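Asker: Protein chains in written order, with the numbering used here: chain A, 11 to 374; chain B, 9 to 283.
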């Protein structure tokens, strides 16, 4: 199935200021966002993700590049003529208007008939479960309720693309988790393309169809949550999403199964297409893939590297336990399921096993 | 709530010795003269400072005084034209200064708008007089209206600017995102939210205009006397109880205006809070 491109971002660059004070917020970003997709722009604060969103909405000019919306150029249109709506970080609800009038605001500006406005307002208020509070003022509502009104208001004009600028960051943890599911369902129900900006990797993993990892104004990786977690493109992505163990190594032989020698000793055979013999690389393994065995334990998988280690700290987290292990002069993290393994105590000598299949080779 | 048994590190201000007496003295100094003036406006005696009996006598006398009538009407006409004109200009100035983005000499302009508050009024008065004389502008009340409009602008400007600065610019951005052009965003978002600030500016300009003496005295020609100028001329021939009565009326107008405004804005706030 050929996917319809909703937002086509072509070589977009944004530079603030001039001369020595110039700051490149967005650096030559090219990205296709598909119709009916939940796409997340993920990155640390100041990475340019919000700037990119504001350029799609029309609040920022581009220094270079083009943005097309369903095949139409929008870069010369002011924000009020772009068929996209935004859910703002601090909601920006109109304090002098009732919930109903907030939701109706966009429809009124589009000169819809009163009957149409009423129908659509009731529809989106029902969708966001806010019908009962339609006559309230924003100041009389909780943060979560205001969040829903902001969503309803942005959905009411039926935008082609909905932009969400860290909308959950002002909510407390419980509410944030509930809203994640709700946002995802809302996207599926409405079929509107959602572009969601966040610095919270958990949010991104939980909701997105695809994640765009951004750092220092550049796209680091685009992929499904599984792809960015399991096969990160570089060290930044590996470190930013989830936890990662990084092992410095060098590549020994060329061929299908290359041999990597760790700086601290030991070898791993991993098949990887894009490194050559002699390359210095980093081998990444997620803590939950590191196996921890009792000192007397037997090797479980043939193609794995076994090393001696010592438990220096353990953190009990209920369903899992995090272990910090001293191994060859560096600290490795491991995450073991409760009950599935024998428990370890701080100071225990253990064996760890790094399965080659779960390693990912990254260029240094 | 701090219990009286426990010693708090921060003592409430009324715990300090002499605080109560000092504040009573302070308020007495502020308001007792005004209370005396109001009381004596109901004094039946012909002598301003000797109390005889309660009487509406001086108010009735005011009713018969055509000069006071025309002075009061002049004052109201001037305020009703000058205050709205000053408020509109102050609103525009505030919009440019707060929402206009950076422009050259912005700080200088900001100073220029509020400078008249610092210039001694007598200087403004003489300058305005010379200005009108040089240009040979002799339009009676219109001269006063022009002068009042100009010097009321900074008074109206201060509360409007403060209200605009307190307003989240994100709301206008949100309006634009929801298909409002700049005019719609102003009309449906900025203006309604700014209205309390604009009203404060208007009230201040109105009261300042009604109250002004020095500039009006210089600018007013024959036949365009305002109430403060007339009261002053009455005092020159001796303090009569009539002056007390007319001052009380002027005070009442100010108090009523401010109360109405306060009630309206607090009703508005309550509406937001309870709905």
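Backbone N, C-alpha and C define an ideal beta-carbon position, used for all residues, glycine too. Since the model is a prediction, treat every value here as computed from it, not as a measurement.
What residue range is occupied by the uninterrupted alpha helix (DSSP H) comprising residue 45/B?
Answerer: Your numbering for residue 45/B matches position 37 in the second chain. Looking at the DSSP string, the run of the alpha helix (DSSP H) that includes residue 45/B is 27 to 48.
Asker: Could you tell me which chain A residues have their CB closer than 9 angstroms to the CB of residue 185/B, listed as they occur along the chain?
Answerer: The residue labelled residue 185/B in the question sits at position 177 within the second chain. Per Cβ cutoff of 9 angstroms: 67, 68, 69, 89, 90, 92, 94, 95, 96, 98, 102, 116, 164 and 173.
Asker: Does DSSP put residue 64/A in a helix, in a strand, or in coil?
Answerer: Looking up residue 64/A in the first chain gives position 54. DSSP places residue 64/A in helix when its eight states are reduced to three.
Asker: Taking buried to mean at least 16 other C-beta atoms within 10 Å of its own C-beta, is residue 225/A buried or exposed?
Answerer: Here residue 225/A refers to the residue found at position 215 of the first chain. Its Cβ being crowded by 16 or more others within 10 Å, residue 225/A is buried.
Asker: Give the secondary structure of residue 214/A by DSSP, where H, G and I count as helix, E and B as strand, and everything else as coil.
Answerer: The sequence position of residue 214/A within the first chain is 204, counting from 1. Residue 214/A falls in the helix class under three-state DSSP.
Asker: Alpha carbon to alpha carbon, how far is residue 33/A from residue 229/A?
Answerer: Counting from one through the first chain, the residue named residue 33/A turns up at place 23. Counting from one through the first chain, the residue named residue 229/A turns up at place 219. Rounded to the nearest angstrom, the two C-alpha atoms are 17 angstroms apart.
Asker: Step through the CB atoms of chain B and report whether any lies within less than 7 angstroms of the CB of residue 119/A.
Answerer: What you label residue 119/A is simply residue 109 of the first chain in a count that begins at 1. For residue 119/A, the answer is yes, since a Cβ of chain B falls inside 7 angstroms of its Cβ.
Asker: Short check: CB of residue 59/B to CB of residue 51/B, under 7 angstroms?
Answerer: As a working note, residue 59/B is residue 51 in the second chain. As a working note, residue 51/B is residue 43 in the second chain. Yes.
Asker: Within 10 Å of its beta-carbon, does residue 188/A have 16 or more other beta-carbons around it, so buried, or fewer, so exposed?
Answerer: As a working note, residue 188/A is residue 178 in the first chain. Counting Cβ neighbours within 10 Å, residue 188/A comes out exposed, since fewer than 16 surround it.
Asker: Taking one C-beta from the segment 185 to 193 of chain B and one from the segment 90 to 101 of chain A each time, how about it: are there three or more such pairs within less than 8 angstroms?
Answerer: Verdict: yes, contact present.
Asker: Which residues in chain A have a C-beta closer than 7 angstroms to the C-beta of residue 204/B? List them in chain order.
Answerer: In the second chain, counting from the first residue as 1, residue 204/B sits at position 196. Here the premise fails: no neighbours, minimum Cβ distance about 10 angstroms.
Asker: Tell me the residue span of the beta strand (DSSP E) that contains residue 43/A.
Answerer: Here residue 43/A corresponds to residue number 33 of the first chain, with the count starting at 1. Taken as a continuous stretch (DSSP letters only), the beta strand (DSSP E) holding residue 43/A covers 33 to 44.
Asker: I want to verify the contact list: residues of chain A whose CB lies under 7 angstroms from the CB of residue 197/B, in sequence order.
Answerer: Here residue 197/B is taken as the residue at index 189 of the second chain, counted from 1. Simply 104.
Asker: Do three or more CB pairs link the segment 105 to 117 of chain A to the segment 142 to 152 of chain A at distances below 8 angstroms?
Answerer: Segments in contact, yes.
Asker: Could you list which residues in chain B have their beta carbon closer than 8 angstroms to that of residue 167/A, in chain order?
Answerer: Stepping through the first chain from its first residue, residue 167/A is reached at position 157. Within 8 angstroms Cβ-Cβ: 186 and 187.
Asker: Could you tell me if residue 255/B is buried or exposed, where buried requires 16 or more neighbouring beta carbons within 10 angstroms of its beta carbon?
Answerer: The residue given as residue 255/B occupies position 247 in the second chain. Label assigned to residue 255/B: buried.
Asker: Given that residue 44/B touches chain A, what residues does it touch there, using C-beta distances under 8 angstroms?
Answerer: The residue given as residue 44/B occupies position 36 in the second chain. Going along chain A, no residue has its Cβ under 8 angstroms from residue 44/B, so there is no contact; the nearest lies around 44 angstroms.
Asker: Rounded to a whole number of angstroms, what is the C-alpha to C-alpha distance between residue 77/A and residue 58/A?
Answerer: The residue labelled residue 77/A in the question sits at position 67 within the first chain. The residue labelled residue 58/A in the question sits at position 48 within the first chain. Approximately 16 angstroms, taken between the alpha carbons.
Asker: So who's on the other strand from residue 332/A, going by DSSP bridges?
Answerer: One-based indexing of the first chain puts residue 332/A at position 322. Paired residue(s): 325/A and 345/A.
Asker: Going by other Cβ atoms of all chains shown within 10 Å of its Cβ, with 16 needed for buried, is residue 246/A buried or exposed?
Answerer: As a first step, residue 246/A is located in the first chain; it is residue number 236 there, counting from the start. Looking at its Cβ environment, which holds 16 or more other Cβ atoms inside 10 Å, residue 246/A is buried.
Asker: Would you call residue 126/B buried or exposed, if buried means 16 or more other Cβ atoms sit within 10 Å of its Cβ?
Answerer: Along the second chain, read from residue 1 onward, the residue named residue 126/B stands at position 118. Under this definition residue 126/B is an exposed residue.
Asker: If you run the structure through DSSP and keep just helix, strand and coil, what is residue 240/A?
Answerer: Position 230 of the first chain, counting from 1, holds the residue named residue 240/A. If DSSP states are grouped into helix, strand and coil, residue 240/A belongs with the helices.
Asker: So is residue 57/B buried or exposed if we call it buried at 16+ other beta carbons inside 10 Å?
Answerer: As a first step, residue 57/B is located in the second chain; it is residue number 49 there, counting from the start. Exposed.
Asker: For residue 200/B, go through chain D and note every residue whose CB falls closer than 9 angstroms to its CB, in chain order.
Answerer: Absent from the structure: chain D. Protein chains present are A and B.
Asker: Is the shortest distance between the beta-carbon of residue 179/B and the beta-carbons of chain A less than 7 angstroms?
Answerer: As a position in the second chain, residue 179/B is number 171, starting the count at 1. Taking Cβ atoms only, chain A reaches closer than 7 angstroms to residue 179/B, which makes this a yes.
Asker: Return the first residue and the last residue of the alpha helix (DSSP H) that residue 187/A is part of.
Answerer: Within the first chain, numbered from 1, the residue matching residue 187/A stands at position 177. Run containing residue 187/A: 183 to 200, per the alpha helix (DSSP H) assignment.
Asker: In its own chain, which residues sit with a C-beta less than 7 angstroms from the C-beta of residue 338/A, not counting the 5 before and 5 after it?
Answerer: The residue labelled residue 338/A in the question sits at position 328 within the first chain. Around residue 338/A: 274, 275 and 317.
Asker: Tell me which residues share the same chain as residue 277/A and place their Cβ nearer than 6 angstroms to its Cβ, disregarding the 5 neighbours each side in the sequence.
Answerer: Against the first chain, residue 277/A aligns to sequence position 267. Cβ within range, chain order: 269 and 271.
Asker: Establish whether the CB of residue 280/B and some CB of chain A are separated by less than 7 angstroms.
Answerer: Along the second chain, read from residue 1 onward, the residue named residue 280/B stands at position 272. Below a pLDDT of 50, predicted positions are generally treated as unreliable, and residue 280/B, at 48, falls in that range; the measurement from the model is reported next regardless. It does; some Cβ of chain A falls within 7 angstroms.
Asker: Using the beta-carbon of each residue, which ones in chain A are nearer than 9 angstroms to residue 220/B?
Answerer: As a working note, residue 220/B is residue 212 in the second chain. Chain A residues near residue 220/B: none, gap ~34 angstroms exceeds 9 angstroms.
Asker: Does DSSP put residue 367/A in a helix, in a strand, or in coil?
Answerer: Along the first chain, read from residue 1 onward, the residue named residue 367/A stands at position 357. Helix at residue 367/A.
Asker: Report buried or exposed for residue 264/B, applying the criterion of at least 16 other Cβ atoms within 10 angstroms of its Cβ.
Answerer: Taking the second chain and counting its residues from 1, the one referred to as residue 264/B is at position 256. Looking at its Cβ environment, which holds fewer than 16 other Cβ atoms inside 10 Å, residue 264/B is exposed.
Asker: Any C-beta of chain A sitting closer than 7 angstroms to the C-beta of residue 192/B?
Answerer: One-based indexing of the second chain puts residue 192/B at position 184. With 7 angstroms as the cut-off, residue 192/B counts as an interface residue toward chain A.
Asker: Tell me which same chain residues have a C-beta within less than 8 angstroms of the C-beta of residue 267/A, skipping the five on either side of it?
Answerer: The count along the first chain starts at 1 and reaches residue 267/A at position 257. Contacts found: 279, 280 and 281.
Asker: Excluding five sequence neighbours on each side, which residues of the same chain lie with their C-beta closer than 6 angstroms to the C-beta of residue 89/B?
Answerer: Counting from one through the second chain, the residue named residue 89/B turns up at place 81. If we look at residue 89/B and ignore the five residues flanking it on each side, its Cβ neighbours are 153.
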